[in-house]
Amino acid sequence: MEQATLARRGTEEPRLSEDDIRLLAQIATGVTADVAARRLELSARTLRRRLRTICDRLDVNTPIEAVVWAARRQLI
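Heads up: the sequence shown begins at 229 in the working numbering, then just goes up one per residue.
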């Protein structure tokens, strides 16, 4: 009975910043990470690191899965 009153952890949907959404939108166009990095004025290494952080936050394995996640929520 006591467990029913406890708040569930992790039920809140992850949020993405505008920069995260912009990054995923670039990846969604099909360009390489290097091209996306140039367009966003980032180093390729920074872009890859940010993609990994986004994937971890969304609990997905690949950037394409992150793009699909965002597209299904009409963020991109």
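Quick reminder that beta carbons are idealized off the backbone N, C-alpha and C, glycines included. Predicted model, so just to flag it, every value in this text is computed and none were measured.
Practice task
Quick one: residues in its chain with C-beta nearer than 8 Å to the C-beta of Val259, no 5 flanking neighbours on either side, listed in chain order?
Solution key: Arg267
Handout entry: Per-residue burial, Asp248 [other beta carbons within 10 Å of its own, 16 or more giving buried]
Key = buried
Handout entry: Cα-Cα separation between Asp262 and Ile292, rounded to whole angstroms
Key = Those two C-alpha atoms are separated by around 16 Å.
Exercise for the section: Mind listing, in chain order, the continuous alpha helix (DSSP H) runs of no fewer than 4 residues lying wholly within the segment 258–300? Expected result: 261–267, 272–286 and 291–300
Handout entry: C-beta atoms of Ile282 and Leu252 nearer than 8 Å
Key = yes
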